[in-house]
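Below is one structure, written out as structure tokens; the observations come after it.
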Amino acid sequence: MNWNELTSTDQLELIATQSETQPVLIFKHSTRCSISRFALKQFEFEFDLQNVIQPYYLDLLNYREVSNEIADRYKVHHQSPQVIVLKNREVIYHVSHEGIAVSELKKIV
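In numbering that gives the first Met the number 0, the protein residues as written are 0 to 108.
Put into structure tokens, the structure is as follows:
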């Protein structure tokens, strides 16, 4: 899977702009959590929307301030693991833990 790494709050405006032409997905992942690791591996295995949605990966342990800014900006309570999808600068979908599934994502993009 070809992830774009999300490492700075400065990238959030670029992501918002990208969402005006193509949906953007943010996968918030905790590298210390076995549940998050399982969800990420399963998501990567199932993901076949590379030309439909722009995927971003956020390492929560190294870039917690980015996660906090996402929660503040989009009013989505932080969880891990978590998937957030933006379209036209707004959250159109968010889910966490066992709810993360590419099959559900396909229904909204």
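Just so it is clear, CB atoms sit at the ideal spot from N, CA and C, and this is done for glycine as well. Source: prediction; values computed, not measured.
Rounded distance between the beta-carbons of residue j and residue i, thought under 8 Å
i    : j   : result
F44  : F26 : That belief does not hold up - the Cβ atoms of F44 and F26 are roughly 13 Å apart, past 8 Å.
V6   : E64 : The sequence shown places Thr at residue 6, rather than the Val named in the question. About 10 Å separates the two Cβ atoms, so there is no contact after all.
V108 : H93 : Going by Cβ atoms, the distance from V108 to H93 rounds to 13 Å, so no, they are not a contact pair.
Y62  : W2  : Not a contact, Cβ separation roughly 13 Å.
Euclidean distance between Cα positions of residue i and residue j
i    : j    : result
I34  : S95  : 11 Å
F46  : M0   : 8 Å
V101 : Q10  : 24 Å
R36  : Y73  : 24 Å
E12  : K105 : 25 Å
E103 : E97  : 12 Å
E126 : L39  : Residue coverage of the chain in this structure runs from 0 to 108, which leaves residue 126 outside it and unanswerable.
Spatial neighbours of residue i in its chain, beta-carbon cut-off 7 Å, leaving aside the 5 residues before and after
i    : result
L59  : K27, H28, S29, S66, S79
K86  : S18, P22
L76  : Checking the sequence shown, residue 76 turns out to be His, not Leu. These residues qualify, in order along the chain: A70.
E182 : This structure cannot speak to residue 182, because the chain is shown only from 0 to 108.
Residue i classed as buried or exposed, judged by whether at least 16 other C-beta atoms fall within 10 angstroms
i   : result
V84 : buried
S18 : buried
I91 : exposed
I99 : buried
Q49 : exposed
Close Cβ partners of residue i (< 6 Å) along its chain, the five nearest in sequence each way excluded
i   : result
Q53 : Q17, Q21, V23
R88 : A15, S18
Contacts around residue i, its chain only, beta-carbon distance under 8 Å, and the 5 residues preceding and following it disregarded
i    : result
R110 : With the chain running from 0 to 108 in the structure shown, residue 110 is simply not present.
V51  : Q21, P22, V108
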